[in-house]
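Colleague:
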Amino acid sequence: MNAHFCDCDVSGNRPRCHCPHNNLSQLRRNPDYVLPIYKPRVTLLGVNGSVESETTEDEFTVAISSTLDLDKATLSISEPCVLNIGPLQGCYSCTEGSQASVSCFTLSSSWTTIKCDRYVFSVECNPHNKSTLLHLPFNDAVVDHECYTTCGGKNVSARLQGILYYHPHADFSSIALVNTSEVLPQLDWFDEFSLPDLSPLWVVAVGHWKSTLFILGAVVSVLVPTYFLGPIAIRLLFKGLWLVLKNVFTIALTAVRFLAKLGDLRSTDDTSAALPSSGPQMHHCVTRL
C-alpha cells in the first residue's frame, strides 16, 4: 500500500487539501531517491542489499595514550634516636600561644616526624642533640599529650605536657566606617567577658583529696548553721572565735611570762656564783703537847 500525505488548509469555509500521488513508480523515476545518490560531500551506494556512504571530508578525534615504565629506588636509613620534649610554657586561648623545646639526638643529621594527639610536626636531629622550638596553640590549661616517632625501626615515645596560664584581655579596639565619623564597638560587654579554665584547680583538688574534703566539711559546717539559724548562729560563731582567740592569747602571754621569770632566776644564780666570799674567816690551830 502506498500512503498518501495531504496538505490541507482550513482557514476558509471549505477545507482545501492537496494530496500528491507519489507511488513507488513515480519515486523510482526521480533520481534523488534512487541509489547511487551523489551529493557534493557524500555518496550513497547500494552494496549487497545495504547502503554504504563515502565521503571526502570528515571530522574525528584521535586519542593517544602512552605509558612509561620507570624503575626507581630510594635508599631510606632510619637511625636510632633519643627524643626529649621539654615542658610546655605559655598561655592558652591567646594570640601568643605556648612554646615547647624538642631535642633529638642521632649519629648523623636527619629529620623525623613526631605525631601527637592533635599535632604532627617534623624536627631535625643531629649528633649535637639539635633543639627545635615549637609554637603550639591550645584552648585548655592542662595539656598532657602522648607523642611518638619511629627511629631505627622502633617507636620512640615522649610526652608533651604542661600547665598553661590564663591571660585575660579585652579588645576595646573600634571599627570606623569609611567617610563617616561614627565609631562602632567591636564587641559588647557580654562577649568580652570570659572565664578561665578551672581544670588545674580540679587536678590539685584530686591530688590532695583529704585536704579538699576537710576544707569542704569546715565550710559546710559553718555555712549550714548560719543559713538555718541566721543572726543567732552568727553571734555564737563570733563569740566562739573570740573565746578561742582569747584563750590562745592568754596561753601565749603566760608562756612568755614564765620564760621571762625563768630567765631572771638563771641570771641571779650565775651572778651569785661569780661573786667572792666576804665574811669572816676562821683558822683552826692544833697545838701538840
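In this text, residue positions in the sequence shown follow my numbering: the first is 997, and each later residue adds one. Beta carbons: idealized from backbone N, C-alpha and C, even for Gly. Computed from a predicted model, the values in this text were never measured in an experiment.
Would DSSP call Arg1037 helix, strand or coil?
Modeller: coil
Colleague: Given a threshold of 16 other Cβ atoms within 10 Å of its Cβ, counted over all protein chains shown, does Thr1108 qualify as buried or as exposed?
Modeller: buried
Colleague: Touch check for the region 1048–1063 and the region 1118–1137: three-plus C-beta pairs under 8 Å?
Modeller: no
Colleague: Per DSSP, what kind of secondary structure is Ser1207 in: helix, strand or coil?
Modeller: helix
Colleague: Does Thr1108 come out as helix, strand or coil in the three-state DSSP assignment?
Modeller: strand
Colleague: In whole angstroms, give me the CA-to-CA distance for Arg1155 and Ala1137.
Modeller: Put simply, the backbone Cα of Arg1155 is about 16 Å away from that of Ala1137.
Colleague: Identify, in the order they occur along the chain, each residue of the same chain with its Cβ nearer than 7 Å to the Cβ of Arg1122, setting aside the five sequence neighbours on each side.
Modeller: Here the sequence assigns Asn to residue 1122, which means Arg is not the residue at that position. Here the set comprises Thr1102 and Ser1105.
Colleague: Is it buried or exposed for Thr1145, if we count other Cβ within 10 angstroms and need 16 for buried?
Modeller: buried
Colleague: Using a 10 Å radius around the Cβ and a threshold of 16 neighbouring Cβ atoms, would you call Cys1004 buried or exposed?
Modeller: exposed
Colleague: Comparing alpha-carbon positions, which option in Ile1159, Gly1042 and Leu1249 lies nearest Cys1087?
Modeller: Ile1159
Colleague: Under 8 Å Cβ to Cβ from Asn1243, same chain only, skipping five residues before and after it: list those, please.
Modeller: none
Colleague: So the beta strand (DSSP E) Val1138 belongs to, where does it begin and stop?
Modeller: Val1138 to Cys1147
Colleague: Under the three-state reduction of DSSP, which class applies to Ala1069: helix, strand or coil?
Modeller: coil
Colleague: Could you compute how far the alpha carbon of Ile1110 sits from the alpha carbon of Val1218?
Modeller: Going by C-alpha positions, Ile1110 is about 53 Å away from Val1218.
Colleague: Might you give, ordered along the chain, the residues of its own chain that have their beta carbon closer than 6 Å to the beta carbon of His1163, omitting 5 neighbours on each side?
Modeller: Cys1087 and Cys1090
Colleague: Taking just the CA atoms, how far does Asp1113 sit from Glu1142?
Modeller: 6 Å
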